[in-house]
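Each residue of the sequence shown is one higher than the one before, counting from 1 in my numbering. Everything below concerns the one structure shown next.
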Amino acid sequence: MIAVQQLNMQFGIKGQLEFREDISGLIVAEISNQQASASLCLQGAHLMTWKPRSQAMPVIWLSRDAKLAAGKSIRGGAPVCWPWFGPHASEPAFPGHGYARTVPWEVVESGTEPGGETRLTLRLTDSEKTRAQWPHDCTLDLTVIVGETLRMLLSTKNTGASDFVIGEALHTYFQIGDIGAVRVIGLAGCDYWDKVGGSTLRKQDGAISFSGETDRVYINTAAKCVIEDERLKRRIHVAKSGSLSTVVWTPWTEKASKMGDMGQPDGWREMVCVESVNAMENVVKVAAGAKHTMTVEYRAELI
Ligand code: TA6
């Protein structure tokens, strides 16, 4: 029996959760219930789309040029960055943002929540391949709960005999009307590393608006954020727990054109990243035998 048939027999939920094989050969979970629809690629446990029934536009952005390919990250959605954020500390050849988003995960559980939301949990277990880049015994679980609200829980379990330190992110791309007509509210007064043109420590003054490449790691903050979208006339609420960094990013024209997969001619104008992260000063030590969980909760509100 092929993998997809097996997955549907074991974890499929009639009329709500179905697994299909993409033309790339990768397996995608399609979720549809009375509250929302979503899709998630099993490679990287990568949530690609989420659209609550109340919203005319998706809340999560996926590039028009996004391609599914074995071993390659997908542009958009909510990439899982783990067990490091950004470039590897000492090995430039290792993948940026860690390897978790480019390797296959296994499905371990699915179900329907009491409120009707669809729940799906995937797991990445260490292997010879992963230990070659990160020599630790561990499991990484991602649970997504899809409804009018989207919840994601990323849990690291240290199954080894020694402590380890992780950097991580749910590197989420949000769909907006236009980058020039949004503000990100909630980080006023927070310190941040400005990564544009080096790395400078600054303090956020008021709300964040955008007029050029913006790549900021806000540190020591558990604050929730709101993306206020004038064009789509909505607010996207971004709440989190177990995370002390928030990254706000837009590539703007030049970087987007170099990336080549942001959706021509200017798909990048319709996205902004507000990422729930543990990075820089906020990396997390997970003691032997312990577990650390970072969660996010997204909700869109029409204004
Ligand atoms: O989170 C912002 C960032 O670190 C940017 O510096 C940019 O590199 C972005 O992530 C995208 O990274 P990726 O590896 O997905 O192309």
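We put the CB at the ideal spot given by N, CA and C, even for glycine.
Taking the alpha-carbon positions, what's the Glu-117 to Met-152 distance?
-> Taking the straight line from one Cα to the other gives about 12 Å.
Nearest CA to the CA of Ser-127: which residue from Leu-140, Cys-190, Ile-145?
-> Residue nearest to Ser-127 within the set Leu-140, Cys-190, Ile-145 is Leu-140 (criterion: CA-CA distance).
Mind checking whether the beta-carbon of Met-215 lies closer than 6 Å to any heavy atom of the ligand TA6?
-> Residue identity check: residue 215 is Asp in the sequence provided, not Met. Yes.
Taking only the alpha-carbon atoms, compute the straight-line gap between Ala-3 and Gly-71 and give it to the nearest angstrom.
-> Looking at the two C-alpha atoms, the distance is approximately 18 Å.
Paired residues, beta bridge with Ile-303 - DSSP = According to the DSSP secondary-structure assignment, Ile-303 is paired through a beta bridge with no residue.
At least 3 beta-carbon pairs within less than 8 Å: the stretch 205–223 vs the stretch 174–186 = Touching, yes, given that three or more Cβ pairs across the two stretches are closer than 8 Å.
Exposed unless 16 or more other CB atoms sit within 10 angstroms - verdict on Gln-10 = Result: exposed.
Could you tell me whether any non-hydrogen atom of the ligand TA6 is closer than 6 Å to the CB of Trp-193?
-> Trp-193 has its Cβ no nearer than 6 Å to any heavy atom of the ligand TA6.
Below 8 Å, can you find three or more Cβ-Cβ pairs linking the stretch 159–170 to the stretch 273–284?
-> These segments touch.
Three CB pairs or more closer than 8 Å across the stretch 86–99 and the stretch 35–43 | No contact exists between the stretch 86–99 and the stretch 35–43.
Taking only the alpha-carbon atoms, compute the straight-line gap between Glu-148 and Met-57 and give it to the nearest angstrom.
-> Roughly 13 Å separates the two Cα atoms.
Under 7 Å, do Lys-240 and Val-286 count as touching if we go by C-beta distance?
-> In this structure, Val-286 does not lie closer than 7 Å to Lys-240 by Cβ.
Tell me whether Trp-249 counts as near the ligand TA6, meaning its Cβ is closer than 6 Å to at least one heavy atom of that ligand.
-> Correct: Trp-249 has its Cβ closer than 6 Å to the ligand TA6.
Just checking my contact of Ser-24 with Ala-69 at CB under 8 Å: how many whole Å lie between their CB atoms?
-> About 6 Å separates the two Cβ atoms, so the contact holds.
Mark Glu-270 as exposed unless 16 or more other C-beta atoms lie within 10 angstroms of its C-beta, in which case mark it buried.
-> Classification for Glu-270: buried.
If you draw a straight line from the C-alpha of Ala-223 to the C-alpha of Gln-175, how long is it?
-> So the two alpha carbons sit approximately 21 Å from each other.
From which residue to which residue does the beta strand (DSSP E) around Lys-182 run?
-> According to the sequence shown, residue 182 is Val rather than Lys. Boundaries of the beta strand (DSSP E) around Val-182: 182–185.
First and last residue of the alpha helix (DSSP H) that includes Phe-11?
-> Bounds of the alpha helix (DSSP H) holding Phe-11 are 3–11.
When every heavy atom of the ligand TA6 is checked, does at least one fall within less than 6 Å of the C-beta of His-308?
-> In the structure as shown, the chain starts at 1 and stops at 303, and residue 308 therefore has no counterpart that could be examined.
In chain order, what residues of the same chain lie with their CB nearer than 6 Å to the CB of Leu-302, ignoring the 5 residues before and after it?
-> Closer than 6 Å at the Cβ level, and outside the excluded window around Leu-302, lie Arg-234.
Selection from Ile-236, Glu-21, Ser-110 that minimises the alpha carbon distance to Ser-54 | The shortest C-alpha separation from Ser-54 is found at Ile-236.
Buried or exposed for Asn-220, please, with buried defined as at least 16 other CB atoms from any protein chain shown within 10 angstroms of its CB.
-> So Asn-220 counts as exposed.
Less than 8 Å between the CB atoms is what I'm expecting for Leu-154 and Leu-142, so what's the real figure, rounded?
-> Between Leu-142 and Leu-154 the Cβ distance is about 5 Å, and since that is below 8 Å, they are a contact.
Check Arg-64 in the structure and name its three-state DSSP category.
-> Residue state, collapsed to three classes: coil.
Can you grab the Cα-Cα spacing for the pair Thr-130 / Ser-32, in whole Å?
-> In a straight line, the C-alpha of Thr-130 is about 33 Å away from that of Ser-32.
From Asp-22 to Leu-7, what distance separates their C-alpha atoms?
-> Taking the straight line joining both Cα atoms gives about 14 Å.
Between Glu-254 and Pro-265, what straight-line distance do the alpha-carbon atoms span, to the nearest angstrom?
-> A straight line joining the alpha-carbon of Glu-254 with that of Pro-265 spans about 12 Å.
Under a Cβ-count criterion, where at least 16 other Cβ atoms within 10 Å of its own Cβ denotes burial, should Gln-43 be classed as buried or exposed?
-> Result: buried.
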